[in-house]
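One structure below.
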Amino acid sequence: MQITLKGKLLIGISGLILLLVAVMTFNSYQKTKEIIIAQEENHFAVLENIVGVEIDNYLSRGEMLVKFVAEDIETIKAFADRERNGLALIVKGRYNALQDEGVNVLQFHLPDGTSFYRAHQPEKYGDSVMFRDTIKTIVQEKQPIKALEEGVAGFSFRAIEPVYEFGQYIGSVEVGMDVESVFVEELKEILENEVFVYTLTSEDDTASLIGGTMDKDYFPVP
31 MQITLKGKLL IGISGLILLL VAVMTFNSYQ KTKEIIIAQE ENHFAVLENI
81 VGVEIDNYLS RGEMLVKFVA EDIETIKAFA DRERNGLALI VKGRYNALQD
131 EGVNVLQFHL PDGTSFYRAH QPEKYGDSVM FRDTIKTIVQ EKQPIKALEE
181 GVAGFSFRAI EPVYEFGQYI GSVEVGMDVE SVFVEELKEI LENEVFVYTL
231 TSEDDTASLI GGTMDKDYFP VP
């Protein structure tokens with residue numbers, strides 16, 4: 031059957047319409063995709079900002095608390111005299127009170143980076159903690175430092191302050207604030223959602239769960 035000119039025109043117009051519809055559908059899909067991606071990026075940026083502010087708040091609180099310990103005259107004297115038992119008696123009650131603020135680490139270090147006294151683990155002392163970057167820094171620079179870091183007691187928001195007696199550097203004191211329970215619970219209240227904290231291993235980029243507001247993360251980081 032021979033197709034008339036009119037038929038050819040109709041077929042051509044139909045094909046053009048289908049092509050236009052396909053182009054419009056594709057453009058609409060692309061725009062929708064771009065909007066969704068932009069919304070997701072904005073959402074994650076907001077979350078990142080909230081978490082960043084909370085981390086800064088925790089580090090600042092730790093800094094304030096460690097200064098309180100580092101500037102106490104009785105504490106300085108006992109530490110300078112290397113009276114471990116005397117130091118323990120002085121700081122034990124204070125450490126118990128600091129735990130209400132989320133503190134889970136209170137530690138004194140000698141000038142060479144050796145742990146002198148841990149209020150959270152009194153029986154453990156005499157070991158070097160120079161494997162930690164914050165300890166290396168304060169031993170070398172003798173300046174206050176704060177960071178989120180892993181230690182013998184696990185991950186904490188750590189604030190470390192140099193301790194001086196009569197102008198002489200006698201070591202440092204450290205306060206660590208809990209990451210695995212108190213911090214995530216506070217974030218949960220702010221975000222109104224379950225919160226999990228992961229650590230990323232630099233060697234193979236694997237993520238490990240270190241704490242959360244639930245026993246199990248049903249949507250874990252791969």
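First residue of the sequence shown? That's 31 in my numbering, and the numbers climb one at a time after it.
All C-beta atoms in this analysis are idealised placements derived from N, C-alpha and C, irrespective of residue type, glycine included.
query	result
Which residues bound the alpha helix (DSSP H) around F109?	I103 to A110
Pull up the distance between the alpha-carbon of K107 and that of I190, whole angstroms please.	18 Å
Does the count of Cβ pairs from the segment 87-107 and the segment 195-208 closer than 8 Å reach three?	yes
Of all the options P152, G181 and Y155, which has the alpha carbon lying nearest to the alpha carbon of K166?	G181
Please report how far the alpha carbon of P192 lies from the alpha carbon of V169, in whole angstroms.	9 Å
Report yes or no: do the segment 148-158 and the segment 67-81 share at least 3 C-beta pairs separated by less than 8 Å?	no
Restricting to Cα atoms, I'd like to know which of G242, K218, V212 and I220 is closest to Y228.	G242
Please state whether DSSP places V203 in a helix, a strand or coil.	strand
Quick check on DSSP: helix, strand or coil for V193?	strand
Could you check where the beta strand (DSSP E) with R162 kicks off and where it finishes?	Run containing R162: none; DSSP gives neither H nor E here.
Under the three-state reduction of DSSP, which class applies to Y248: helix, strand or coil?	coil
Return the residue from the list D130, T105 and D111 that minimises the CA-CA distance to Q137.	T105
Of all the options L239, E84, Y199 and A183, which has the alpha carbon lying nearest to the alpha carbon of E171?	Y199
Output needed for L178: all residues of its chain with C-beta closer than 8 Å, excluding positions within five of it in sequence on either side, in chain order.	I85, L89, F185, S186, F187, R188 and V209
Grab the span of the beta strand (DSSP E) containing V133 for me, first residue to last.	V133 to H139
Would you report the Cα separation of E216 and D111, rounded to the nearest angstrom?	40 Å
Return the first residue and the last residue of the beta strand (DSSP E) that A183 is part of.	Note, A183: premise wrong, no beta strand (DSSP E); not H, not E.
Is S238 helix, strand or coil when you go by DSSP?	strand
Mind checking H73: buried by the 16 CB within 10 Å criterion, or exposed?	exposed
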